[in-house]
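Just below is one structure, and these are the notes that go with it.
Protein chains: 6
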Amino acid sequence: MTQISQNSSNLTHLDNQGQAQMVDVSHKTATVREAVAAASVRMLSETFATIQAGNAPKGDVLGTARLAGIMAAKQTSNLIPLCHPLPLHKVKVQIEPDSHLPGYQITALVKTKAETGVEMEALTAVSVAALTLYDMAKALEKSISIEAIRLVSKSGGKSGDYHQAE
Amino acid sequence: MTQISQNSSNLTHLDNQGQAQMVDVSHKTATVREAVAAASVRMLSETFATIQAGNAPKGDVLGTARLAGIMAAKQTSNLIPLCHPLPLHKVKVQIEPDSHLPGYQITALVKTKAETGVEMEALTAVSVAALTLYDMAKALEKSISIEAIRLVSKSGGKSGDYHQAE
Amino acid sequence: MTQISQNSSNLTHLDNQGQAQMVDVSHKTATVREAVAAASVRMLSETFATIQAGNAPKGDVLGTARLAGIMAAKQTSNLIPLCHPLPLHKVKVQIEPDSHLPGYQITALVKTKAETGVEMEALTAVSVAALTLYDMAKALEKSISIEAIRLVSKSGGKSGDYHQAE
Amino acid sequence: MTQISQNSSNLTHLDNQGQAQMVDVSHKTATVREAVAAASVRMLSETFATIQAGNAPKGDVLGTARLAGIMAAKQTSNLIPLCHPLPLHKVKVQIEPDSHLPGYQITALVKTKAETGVEMEALTAVSVAALTLYDMAKALEKSISIEAIRLVSKSGGKSGDYHQAE
Amino acid sequence: MTQISQNSSNLTHLDNQGQAQMVDVSHKTATVREAVAAASVRMLSETFATIQAGNAPKGDVLGTARLAGIMAAKQTSNLIPLCHPLPLHKVKVQIEPDSHLPGYQITALVKTKAETGVEMEALTAVSVAALTLYDMAKALEKSISIEAIRLVSKSGGKSGDYHQAE
Amino acid sequence: MTQISQNSSNLTHLDNQGQAQMVDVSHKTATVREAVAAASVRMLSETFATIQAGNAPKGDVLGTARLAGIMAAKQTSNLIPLCHPLPLHKVKVQIEPDSHLPGYQITALVKTKAETGVEMEALTAVSVAALTLYDMAKALEKSISIEAIRLVSKSGGKSGDYHQAE
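Chains as they are written, first to last, in UniProt numbering: chain A, 1 to 166; chain B, 1 to 166; chain C, 1 to 166; chain D, 1 to 166; chain E, 1 to 166; chain F, 1 to 166.
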């Protein structure tokens, strides 16, 4: 699929003087919109083994990161300057161990019924969930890195659906 | 340098029942601490060219992302559940175009005088600056990805200095 | 009335893997919803007499607690991890002296037009109003206690109306 | 022990015109201070059994409430109008099942090194943890009540230590 | 035009006991509403010249103030106790140099589709943009003053349109 | 006194590339600092009379505005992008009727012990207190204006004391 907008001649968040603004969405229709984002957290295999072990009895490592992602989705418009504040109808964050990475694969799904989409909310959720994993493991390893924060898919809205290329 | 803590047998944010807590730092000394973090934002060359052009007259694209990163550093303890709230003494975010990526290289430097370090503040700053770039360019390209969010260096505190391996 | 849901076999905020999520309300209809919550603040009679006297000229003790409750209602979705962010259409907090307690009876009424209810907003309002009373009186008495934070009634929404049993 | 201050003739948060203010603590010394607060959440035995069962595999019910309490402690000065913003050096929230209640006993311990105490932070932590339990169980039972939010003990500061009477 | 409401006999934010409340708007219709507010920032001509020079290469002085205004509009209901939380559909802040003042003229336009208006959001945006200019120039001159924060116009809603008198 | 800094050749919040940053204060000493700011709110005499009457029984109009100012002081570093987050040791807001204006004179005093001053906190407090007065009276008169937001005095810190010229 095409990944570059045909109307690539301008940046929508800048007005015709090049100044940042929150763009007008009042003419748009409130429709159900959904976005899925993902991120990877890569670490040494010793670190991965320790978290897997530490998480076993009670789930607080991954549970804490999931919660942080959900709560961060609700802070998106306070963090991203030109984001519109939106109601959110669903937020789900999942974190799966990936022994090949080694590390964790994080995905977030966000849904709303609004005049604009929730891509930034999903991306913010996975970013903060990943940062929270970093925080909980940084005493073990400072070289953990967060990789490939990306939009997996979106649906709803006039600009059409999107699925990342394989 | 060694990147894995010798004391890898536990996760400091979990108590001995495996429950998440904000760890006690009251016995530590307030010292000057500094952390540098980095991230990359990779995009298609057309997207990169459009942002570079759009940013030219007034700087609001990169300026907006820098500001978002600085302000996000101040929200770190509200976003990362087990982070200690800290005073911050300096926050600087830099965003450099990288035509080879193509995209942008983001770095953040944070300083404080406190009982614990500011790694998470620097990592949060680069993450939110990167998300803001995504937000401003997403109408052009949805496949932009944020890569290699990582700690570059830290100094101060009992655990010693750290510089990422080359 | 029955106070236990017939569908008591699961907790709606956990998915089928037992993981916390913000549940999907996008299929629900936005309707007018209202909730009333209450709390009691019990103190020694000397403390009660001092607040009653101190509050007399200008009302700043109870006025401060009322304001704190109203403002806290607006923070509910930032405090309660799985709460949906909602517009609020009315928030009213009332605090009545109760010389028999002795102390204060607090009630909050919250209204919205949304896909989900405002019970948590009303409960948060009375809780923070009560905590604010504690804060303002704690130099007088540390043994003040907050009692019986509860939902008094709710209306609107598919799950039907609720009134607490006498 | 005496639970009523000898200097009960005024409310410290009101100036001599009866107006609310954030009192001056700049003449006080920053010392290590600690506070412990508690709350109970009472529910029907069916509700208690369902939460206990639902919480078993992964711990997300109680884990979510603990996290909410920890994060709320950091919001205390934004919620309680006349509270001083403080650094926090430790926050720990514990939630124990109590089959006799039936329900849960919540305690929070908060530590800082500051010019004023952290009683309100501990009380806010248990309150929000309790509200989060309510939120997660409210689809099962709306008559859950939060009881006995109280200060258990405090130490540090010129006003001396405090332990609640048995 | 008449600038004083005919129904001047009461303050809508006080109930009939004189207590502050967030007034009920649930019976109102969600319609498109717009508000424009303005403010002036007056300074010595030397200060003005320095900012104009300093802003030239990259725009970060005025760009920072514009961003601060946009982000503050989204915080309005957290700052103004009785304001309703609202979705915002457009926020635009403009800052123009005025060599006759000397200083800057700030305007903000805010749009929504909601049950109540966005006057406070526009006024908050210009106020915080002005405070940010003060912050960035205060090392040069402490006697900068912010003048004439006012509503320029509003449209939408049952109370009719408003334009400030010339 | 001189109101223009001798070192007027640069804007401290811009680095040598003209980019906004939070300036380094880690080399400065934490000392007691105090700032006083003021603002005026001007309205029609009918509006003034109505507020004075409405405020009489319970004080909630001016009390609400005072509280909003105190709470806003604590949000300063979240609103002003390059402000350092600081502990605050005292915040007091006063609002006096001025029948000659007609309207209200607002002053705020803020104290801290920190590496940098609290001018912005005092200015933010009076601004938000003034906006809250506007909000509570806007149903009566939309032409209310906020005037002369200014620093009255500051003390503490290396840059010396300041008092506004008469």
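Idealized CB from N, CA, C, for every residue including glycine.
Contacts of residue i in chain F (Cβ-Cβ under 8 angstroms)
| i | result |
| --- | --- |
| Pro81/D | Leu67, Ile70, Met71 |
Chain E residues whose Cβ lies nearer than 9 angstroms to that of residue i
| i | result |
| --- | --- |
| Lys158/F | Near Lys158/F there are no residues of chain E at all, since even the closest Cβ is about 12 angstroms away, more than 9 angstroms. |
| Ala165/F | Ser143 |
Within chain C, the residues that residue i reaches when beta carbons sit closer than 9 angstroms
| i | result |
| --- | --- |
| Glu115/E | Pro87, His89, Lys113 |
| His100/E | Here the premise fails: no neighbours, minimum Cβ distance about 41 angstroms. |
Where residue i meets chain B, residues with beta-carbon distance less than 7 angstroms
| i | result |
| --- | --- |
| Val152/A | Residues of chain B passing the Cβ test: none, with the nearest at roughly 10 angstroms. |
Buried versus exposed, by CB contacts within 10 Å (16 or more), residue i
| i | result |
| --- | --- |
| residue 167/C | Outside the displayed span of chain C (1 to 166) sits residue 167/C, for which this structure offers no information. |
| Pro57/C | Note that Pro57/C has pLDDT 46, beneath the 50 cutoff, so the model's placement of it is unreliable and no number is given. |
| Thr47/C | buried |
| Gln94/B | buried |
| Tyr99/C | The amino acid occupying residue 99/C in the given sequence is Ser; Tyr does not appear at that position. Counting Cβ neighbours within 10 Å, Ser99/C comes out exposed, since fewer than 16 surround it. |
| Thr29/D | exposed |
| Ala165/E | exposed |
| His89/E | buried |
| Gln75/D | buried |
| Glu34/F | buried |
| Asp135/B | buried |
| Asp161/A | exposed |
| Glu147/D | buried |
| Ser45/E | exposed |
| Glu96/D | exposed |
| Ala53/F | exposed |
| Lys158/E | exposed |
| His27/B | exposed |
| residue 168/F | Since the first residue shown for chain F is 1 and the last is 166, residue 168/F is missing from the structure and cannot be characterised. |
| Thr112/A | buried |
Opposing strand residues paired with residue i [DSSP bridges]
| i | result |
| --- | --- |
| Asp98/D | Gly103/D |
| Tyr162/F | Lys154/F |
| Leu14/C | Ala20/C |
| Ser26/B | DSSP output for Ser26/B lists no bridge partner at all. |
| Glu66/E | Note on identity: in this sequence residue 66/E is Arg, with Glu being the wrong assignment. DSSP lists no partner for Arg66/E. |
| Ala40/F | Correcting the residue type first, residue 40/F is Ser in the shown sequence and not Ala. Paired residues: Gln105/F, Glu147/F. |
| Val118/F | Val118/F is not bridged to any residue. |
| Glu34/D | Lys111/D, Ser155/D |
| Lys90/A | Lys111/A |
8 angstroms CB neighbourhood of residue i in its chain, flanking five on each side removed
| i | result |
| --- | --- |
| Ala20/D | His13, Leu14, Pro81, Leu82 |
| Tyr126/D | Looking at the sequence provided, one finds Val at residue 126/D rather than Tyr. Ala37, Ala38, Ala39, Gly69, Val93, Ile106, Thr107, Ala108, Ile149, listed in sequence order. |
| Thr132/C | Thr64, Ala65, Ala68, Gly69 |
Interface partners of residue i on chain D, CB under 7 angstroms
| i | result |
| --- | --- |
| Glu119/C | Lys138 |
Same chain, Cβ closer than 7 angstroms to residue i, neighbours up to 5 away in sequence not counted
| i | result |
| --- | --- |
| Gly140/E | According to the sequence displayed, residue 140/E carries Leu and not Gly. If we look at Leu140/E and ignore the five residues flanking it on each side, its Cβ neighbours are Thr47, Thr50. |
| Leu101/A | Ser40, Arg42 |
| Gly103/D | Ser40, Val41, Arg42, Met43, Phe48 |
| Val128/E | Ala68, Gly69, Ala72 |
Residues that residue i contacts on chain D, provided the C-beta gap is smaller than 9 angstroms
| i | result |
| --- | --- |
| Lys142/F | What Lys142/F touches in chain D: nothing, since even the nearest Cβ is about 28 angstroms away. |
Within chain E, partners of residue i - CB distance below 8 angstroms
| i | result |
| --- | --- |
| Ser77/A | Lys74 |
Cross-chain neighbours of residue i in chain B, by beta carbon under 8 angstroms
| i | result |
| --- | --- |
| Tyr104/A | What Tyr104/A touches in chain B: nothing, since even the nearest Cβ is about 14 angstroms away. |
Neighbouring residues, chain A, relative to residue i (Cβ below 8 angstroms)
| i | result |
| --- | --- |
| residue 173/B | Because chain B in this structure spans residues 1 to 166, residue 173/B falls outside the shown range and cannot be described. |
Same chain, Cβ closer than 6 angstroms to residue i, neighbours up to 5 away in sequence not counted
| i | result |
| --- | --- |
| Lys92/B | Leu109 |
| Glu115/F | Val25, Lys28, Ala30 |
| residue 174/A | What is shown of chain A runs 1 to 166, which leaves residue 174/A out entirely. |
Practice task
Scan the stretch 10-31 of chain F for residues whose Cβ lies nearer than 8 angstroms to a Cβ of chain E and list them as they occur along the chain.
Solution key: Asn10, Leu11, Thr12, His13, Leu14, Gln17, Gly18, Gln19, Ala20
Exercise for the section: Anything in the stretch 121-136 of chain A with a Cβ closer than 9 angstroms to a Cβ of chain B? List those residues in chain order, please. Expected result: Leu123, Thr124, Ser127, Val128, Ala130, Leu131, Thr132, Tyr134, Asp135, Met136
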